[in-house]
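Numbering (the UniProt record's numbering), first residue to last: 1 to 213.
Have a look at this one:
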């Protein structure tokens with residue numbers, strides 16, 4: 001058995017990207033292979049197949065799960081296997097969330113091929129790698145998103161684990177209004193899912209604003 005053989009699990013639902021990345025990274029694998037999973041369910045199945053993986057590349061947007069939520073499952077199914085976020089989301093908040101989730105790396109899909117290959121090489125060598133080529137602002141990790149009091153109240157309810165219906169009852173709003181506020185909250189925070197919004201809210205140490213209207 002070749003001790004240098006490396007297997008990678010790529011969790012991403014874009015078939016064209018799967019094919020392109022597989023071809024790009026093949027020289028690093030020394031006869032190993034890239035197994036592609038288009039969903040969280042397929043990823044778990046691959047990990048339970050008996051194949052040993054040396055790196056997991058995880059997209060944050062999956063059809064059946066939020067990537068950061070899946071991270072907990074991956075660590076349980078494959079303890080010790082490094083996991084790197086592989087994302088097309090370049091907003092600084094995603095890099096912040098990845099670091100706070102203590103992943104082993106962050107690779108942006110907009111990276112130059114040579115930089116992406118080098119990043120994967122570093123990860124396969126057992127070191128961490130974070131692509132910091134995305135848009136940056138001084139002190140970005142502590143920039144507080146400008147949420148209105150109404151948006152903050154909805155986000156705080158979300159952090160309590162309330163459903164849209166429960167939020168509507170608690171804040172005396174219609175469910176339609178709650179959905180509209182959630183959409184605007186996602187836009188302000190630069191996120192796409194409830195779980196991502198909750199993570200950002202927790203990092204901001206939000207507390208429920210007083211009713212002022």
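From the three backbone atoms N, C-alpha and C, an ideal C-beta is built for every residue, glycine too. A quick note: this is a predicted structure, and the numbers were derived from the prediction, not measured.
Requested in this report: Using a threshold of 7 Å, state whether the C-beta atoms of residue 66 and residue 195 are closer than that.
Outcome: yes
Requested in this report: Consult DSSP for residue 81 and reduce its assignment to one of helix, strand or coil.
Outcome: coil
Query raised in the report: Helix, strand or coil: which one does DSSP assign to residue 147?
Result: coil
Query raised in the report: If residue 223 sits next to residue 30, beta carbons under 8 Å apart, how far is it from one beta carbon to the other, in whole angstroms?
Result: Absent from the structure is residue 223, since the part of the chain shown begins at 1 and ends at 213.
**Report entry** First through last residue of the alpha helix (DSSP H) which encompasses residue 23
**Finding:** 15-25
**Report entry** Cβ distance (whole Å) where residue 86 is taken to contact residue 12 below 8 Å
**Finding:** 7 Å
Report task. Name the two residues that bound the continuous beta strand (DSSP E) containing residue 107. Result -> 105-108
**Report entry** Endpoints, the alpha helix (DSSP H) within which residue 240 is located
**Finding:** No information on residue 240 is available, as it lies outside the stretch 1 to 213 that the chain covers here.
Report task. For the alpha helix (DSSP H) holding residue 182, just list the boundary residues, first then last. Result -> 175-189
Query raised in the report: On the premise that residue 157 lies in contact with residue 170, defined as a C-beta separation below 8 Å, what is that separation, rounded to the nearest angstrom?
Result: 6 Å
Query raised in the report: In its own chain, which residues sit with a C-beta less than 8 Å from the C-beta of residue 253, not counting the 5 before and 5 after it?
Result: Because residue 253 is not part of the residues shown, which for the chain are 1 to 213, the question remains open.
**Report entry** Environment of residue 82 [buried if 16+ CB atoms lie within 10 Å]
**Finding:** buried
Query raised in the report: In the DSSP assignment, what are the bridge partners of residue 36?
Result: 10
Report task. Counting only the same chain and skipping the five closest in sequence on each side, list residues whose C-beta sits under 6 Å from that of residue 117. Result -> none
Requested in this report: Give the range of the beta strand (DSSP E) segment to which residue 57 is assigned.
Outcome: 55-58
Requested in this report: With DSSP as the reference, please indicate the residues paired to residue 61 in a beta bridge.
Outcome: 66
Query raised in the report: According to the Cβ coordinates, are residue 123 and residue 105 closer than 7 Å?
Result: yes
Query raised in the report: Under a three-way DSSP split, which group does residue 30 fall into?
Result: coil
Query raised in the report: Would you report the Cα separation of residue 198 and residue 113, rounded to the nearest angstrom?
Result: 33 Å
**Report entry** Beta-carbon contacts of residue 94 that lie in its chain and below 7 Å, excluding the five residues immediately before and after
**Finding:** 60, 87
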